[in-house]
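Going line by line, the protein sequences match chains G and B. Using our numbering, the first residue of the first sequence is number 553, and each one after it goes up by one. Using our numbering, the first residue of the second sequence is number 3, and each one after it goes up by one. Positions of the beta carbon are idealized from the N, C-alpha and C atoms, including for glycine.
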Amino acid sequence: MATQQGSASAAALANQDIHQDTTVKWFLLGAVGYFAIVGIIALIIAAKFVWPQFLGTIPYFTYGRMRPLHVNGMLFGWLLAADMGLAYYFVPRLCGVKLWSEKLGVATSILWNIIIISAIFTLLGGYQKGFEYADLPTPVAVLVVIAWVMFGFNIFATILTRKYNQMYVSTWYLMGTILWTAFVYLTGNFATLLPGITGVNQANLNWMYTHNAVGLIFTPAGLAVAYYFIPRASNSPLYSHKLSMIGFWSLAFVYVWTGAHHMLHGPISQWLQTISIVFSVMLLIPVWAVVYNFIATMKGQWHQLGDNVSLKFLMSGTIFYLLTCFQGPMHSLRSVNAIVSKTDWIPGHAHMAVLGTFSFLAMAGVYYVIPRIFKTTLHSESLANWSFWLFLIGGLGMFTALWLGGFWQGWQWNNPSIPFIDTVVALQPVWMVRFLSGIIIFLGIVLFMFNIVSTAISGGRNASEATARS
Amino acid sequence: MTDYTYPSVYFAYFLFALLAGGALFFFLRSLKDGYLGPNSEDPKYRMMHDDPDSERNPARHEK
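In structure tokens:
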């Protein structure tokens, strides 16, 4: 243990003042801004479910244009950008070296902003491919590939220069994210457009992409963040690094086949459906390895939840991860799928994964990182706590309404004596709860953004004053 | 019952083989590097001290 502490102190000493974190600032502040902008889009969509005529005659605000903007904006503008920003923070620190190239990092951030702004204009203008999670027009998707190569090159080049041979599990998850994203994104955005890939073939590839976008992009990126920030925020070492590696490798082996469970009872091969069910249920192995590790790390540290907002987000995200990863395998069972497939249960499940789990983990990271890289204190702990509770209450309201509403909707759809329009009218109260929950979540986003931006401004002002004094 | 296999499934097969093969290669490589060996817990202690900002001011954000 003494050796460990000695080498740890040496690591800290070696790391002093070598991190510029310019790229981290660019990515995180951009991500937080897009979170708020796309949050407004989300509210408009939720309002349209309750009042279908709302903004209905203006082409730019029709559901068919706003929904892809909401999905892609949240996934790529907020969440992936936040995860990338956090990766630029923790990878150099874990490797004991500075980022390979801050200039390349800033250039990547600028390109990422060009992509998101292009996405806003093209999607609102009605230019889209029409595939789930792969709506971006091909030229914009090509820019995403270029930006990802720039990001991956910078991260791998940093890892190659690392001081320590054995890498911490977050580094493994991030390397997995970078490599898996390359395969998954190319499949969803380009392979689906190849000649002869139409109809069921196209749907098969699209769902392979869609589910793997969550499982092989946002899951490993989010877990990389959680594995770094739970020990750091709780000031308590991870329960077991060995277990974390077992979780990583089991995820690597079982995830890729699960996407077809979205097409159960559809016109795809029965054996493919069965394989997707088997692999979906096997997902419980990596999930349990992850959740057990996080909860065991918190042993004796739970009292910190009271006054540590990062930890609040991290542990709530962990619980939502457990819940959403229980839902996934259950959804893949033929009997459950016959009820919930294509209903509002699906967006309820997706929101718990993307918002409840991975956005919570990312927000925890942002709350932890921003005060440190701007060398100041968080603008307001109180506002941070408010934002957490608004996210939690709004999120729970939305998730619960959509799960229950989805089951209700599915049971009605399975009863041929109920006219379809009656099932639409019956869901009105559910959509009202979703809209009201959305308002609460949006208030959380506003407080989060205000707190983060104020912290950054305060840090910038302190730095200017220090420069003037010297 | 004859079960038609769509060409996209073969593509999915290929991707799966590629990813599973890559995972297997790096998994075996990680075993060789001692990730499941007696020193496999070292990284979790080292990462607790990798941030000079936290070293200098641990109570900046969390109490």
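Residue i vs residue j beta-carbon contact at 8 Å
| i | j | result |
| --- | --- | --- |
| G:GLY869 | G:PHE912 | yes |
| G:PRO963 | G:ILE891 | With the sequence shown as reference, residue 963 of chain G is identified as Trp, and Pro is not the correct amino acid for it. Yes. |
| G:TYR919 | G:ALA905 | no |
| G:VAL643 | G:LEU726 | yes |
| G:LEU954 | G:GLY900 | yes |
| G:THR744 | G:LEU757 | yes |
| G:TRP1096 | G:THR952 | The displayed coordinates of chain G run from 553 to 1022. Any statement about residue 1096 of chain G would go beyond what the structure contains. |
| G:TYR641 | G:VAL576 | yes |
| G:ASN717 | G:LEU651 | no |
| G:HIS763 | G:GLY811 | yes |
| G:PHE1000 | G:SER939 | yes |
| G:VAL584 | G:MET626 | no |
| G:ILE820 | G:VAL752 | yes |
| G:ILE992 | G:ILE945 | yes |
| G:VAL766 | G:ASP635 | no |
| G:MET928 | G:ASN1003 | First, the residue type needs correcting, since residue 928 of chain G is Thr and not Met in the sequence shown. No, these two residues do not count as a Cβ contact at 8 Å. |
| G:THR660 | G:PHE628 | no |
| G:LEU874 | G:VAL843 | yes |
| G:PHE601 | G:LEU607 | no |
| G:ILE667 | G:LEU646 | no |
| G:TRP897 | G:PHE959 | yes |
| G:LEU866 | G:ALA785 | yes |
Local Cβ density within 10 Å of residue i, reported as buried at 16 or more and exposed below that
| i | result |
| --- | --- |
| G:ILE662 | exposed |
| G:ALA916 | buried |
| B:GLU64 | The pLDDT assigned to B:GLU64 is 41, lower than 50, so where the model puts this residue is not dependable; a value taken from the coordinates is nonetheless given after this. It is buried - the Cβ of B:GLU64 has at least 16 other Cβ atoms within 10 Å. |
| G:GLU654 | buried |
| G:PHE808 | Just to set this straight, residue 808 of chain G is Val in the shown sequence, not Phe. It counts as buried. |
| G:SER1016 | exposed |
| G:LYS851 | exposed |
| G:SER1022 | exposed |
| G:ILE698 | exposed |
| G:TRP603 | exposed |
| G:ILE597 | buried |
| G:PHE872 | buried |
| G:ASP859 | exposed |
| G:GLN825 | buried |
| G:THR739 | buried |
| G:ASN845 | buried |
| G:ALA1020 | exposed |
| B:LYS46 | buried |
| B:LEU33 | exposed |
| B:LEU17 | buried |
| G:PRO783 | buried |
| B:ARG48 | buried |
| G:ILE593 | buried |
| G:PRO1029 | What the structure shows of chain G is the stretch from 553 to 1022, and residue 1029 of chain G is not part of that stretch, so it cannot be assessed. |
| G:HIS903 | buried |
| G:SER722 | buried |
| G:PRO971 | exposed |
| G:SER828 | buried |
| G:TYR685 | buried |
| G:VAL977 | exposed |
| B:LEU30 | exposed |
| B:MET3 | Confidence is the limiting factor: at B:MET3 the pLDDT is only 45, short of 50, which leaves the residue's position unreliable, though a coordinate-based value still follows. The residue in question, B:MET3, is exposed, as its Cβ has fewer than 16 Cβ neighbours within 10 Å. |
| G:ARG530 | Beyond the ends of chain G as shown, which are 553 and 1022, falls residue 530 of chain G; an answer cannot be given. |
Range of the contiguous alpha helix (DSSP H) that encloses residue i
| i | result |
| --- | --- |
| B:ARG48 | 44 to 48 |
| G:HIS883 | 861 to 884 |
| G:VAL842 | 836 to 849 |
| G:SER508 | Since the first and last residues shown for chain G are 553 and 1022, residue 508 of chain G lies out of range. |
| G:HIS763 | 751 to 764 |
| G:VAL1035 | Outside the displayed range of chain G (553 to 1022) lies residue 1035 of chain G, so it cannot be described from this structure. |
| G:PHE994 | 980 to 1021 |
| G:MET727 | 721 to 741 |
| G:LYS531 | This structure cannot speak to residue 531 of chain G, because chain G is shown only from 553 to 1022. |
| G:LYS577 | 574 to 602 |
| G:VAL806 | 793 to 806 |
| G:MET950 | 933 to 965 |
Chain-ordered chain D contacts of residue i [CB-CB under 9 Å]
| i | result |
| --- | --- |
| G:LEU646 | Checking the listed chains, one finds no chain D in this structure; the protein chains it contains are G and B. |
**OP:** Within the segment 621 to 692 of chain G, note down every full alpha helix (DSSP H) run reaching 4 residues or more, in order along the chain.
**Re:** 633 to 647 and 654 to 676
Subject >> Residues of the segment 743 to 764 of chain G with Cβ closer than 8 Å to any Cβ of chain B, in chain order >> reply: ALA743, GLY748, ILE749, VAL752, ASN753, GLN754, ASN756, LEU757 and MET760
Original post:
Listed in chain order, which residues of the segment 11 to 27 of chain B have Cβ atoms closer than 9 Å to some Cβ of chain G?
Top reply: VAL11, PHE13, ALA14, LEU17, PHE18, LEU20, LEU21, ALA22, GLY24, ALA25 and LEU26
Original post:
Closer than 9 Å, Cβ to any Cβ of chain B: which residues of the segment 697 to 722 of chain G, in chain order?
Top reply: TYR716, ASN717, GLN718, MET719, TYR720, VAL721 and SER722
Subject >> Interface positions of the segment 30 to 51 of chain B facing chain G (Cβ-Cβ less than 8 Å), listed along the chain >> reply: SER32, ASP35, GLY36, TYR37, LEU38, ASN41, SER42, GLU43, ASP44, PRO45, LYS46, TYR47, ARG48, MET49, MET50 and HIS51
**OP:** Name, going along the chain, the residues of the segment 794 to 808 of chain G whose beta-carbon falls closer than 7 Å to a beta-carbon of chain B.
**Re:** LYS794, MET797, TRP801, ALA804, PHE805 and VAL808
Subject >> Contacting positions in the segment 724 to 735 of chain G - beta carbon closer than 9 Å to chain B >> reply: TRP724, MET727, GLY728, LEU731, TRP732 and PHE735
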